[in-house]
Every structure is written in C-alpha cells, then in structure tokens.
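For reference, the structure is listed below as structure tokens.
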Amino acid sequence: KTCYDALFLGSTSSPHAKLTWKTWAPLSVKFFIWLALQDRCWTNERLARHGLPHSHACAFCDQAIESMQHLLIGCPFSRMVWHDVFPKLRLTSSIPLGHEPFFD
Ligand SMILES: [Zn+2]
C-alpha cells in the first residue's frame with residue numbers, strides 16, 4: 164500500500180476527472196474527452212507545433228486553424244451539432260460560445 168500511495172505523490176487531479184470518467188458515455192468518448200482536456204488530440208494546430216505536415220485550416224469550415232477549442236465549440240459545424248444535441252438532451256443551459264473554454 165505504501166508503494167501504491169507513493170505512485171501518486173506530487174500528482175494532481177483534474178477538476179474534470181469525475182465528469183470525464185464517471186459518465187454513461189462509451190469508453191471511446193471518455194478517452195477522447197480525456198485527450199481533449201490535455202490538448203493531446205492531433206489537430207492541425209498540434210501537428211504544426213510538432214513540426215509535422217498539416218493543413219492550415221479546419222477541414223469542416225475552412226475558416227480557422229483547427230484547434231481543440233475550435234473543433235469543440237468554435238467551428239460553425241460543431242455549433243450546428245450543439246444546436247441539435249442540446250434540445251435532445253433537454254439541456255437548458257446556453258450553447259457554449261466560441262471564445263469560452265470548452266470545459267468551463
Ligand atoms: Zn471549423
């Protein structure tokens with residue numbers, strides 16, 4: 164037990180961990196959210212940061228650089244998806260604006 168506890172010394176917990184891992188969503192969705200929280204998805208922005216070949220604009224809208232923030236809430240395509248999903252889930256909160264951090 165001491166060794167197991169030592170593994171977590173100095174570690175931090177994500178404020179979104181419960182929301183990410185304790186949901187009814189399929190594991191693949193949870194894993195995607197976990198990667199997105201850490202900005203570890205291979206978007207064009209991340210490819211550029213790593214010096215890898217990339218497109219200069221979002222594949223869906225061709226209006227902005229493809230970042231996680233853009234893909235999740237800034238892209239007009241994703242905003243259309245949110246507009247369809249929110250009423251089906253009976254969510255009364257407002258659809259996130261493109262400039263707000265997604266996980267807030
Ligand atoms: Zn876009």
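For the sequence shown, position 86 (counting from the first letter as 1) is numbered 249 according to this note's numbering, and the numbering increases by one without interruption. The beta-carbon is built from N, C-alpha and C at its ideal position, and this holds for glycine as well.
Please say whether residue j and residue i have beta carbons closer to each other than 8 Å?
i                 : j                 : result
leucine 198       : cysteine 204      : yes
cysteine 224      : phenylalanine 249 : no
glycine 214       : alanine 227       : no
serine 230        : glutamate 208     : yes
threonine 255     : leucine 234       : no
leucine 172       : threonine 183     : no
phenylalanine 265 : histidine 179     : no
Just reading off the alpha helix (DSSP H) that residue i is part of, what are its end residues?
i             : result
tyrosine 183  : According to the sequence provided, residue 183 is threonine. The question's tyrosine does not apply to it. Counting along the chain, the alpha helix (DSSP H) containing threonine 183 begins and ends at 180-184.
aspartate 168 : 165-169
leucine 210   : 207-212
proline 250   : 239-251
serine 177    : From DSSP, serine 177 is part of no alpha helix (DSSP H); its letter is neither H nor E.
alanine 199   : 190-200
Report yes if the C-beta of residue i is less than 7 Å from at least one heavy atom of ligand 1; otherwise report no.
i                 : result
histidine 213     : no
glutamine 232     : no
phenylalanine 240 : yes
phenylalanine 223 : yes
alanine 227       : yes
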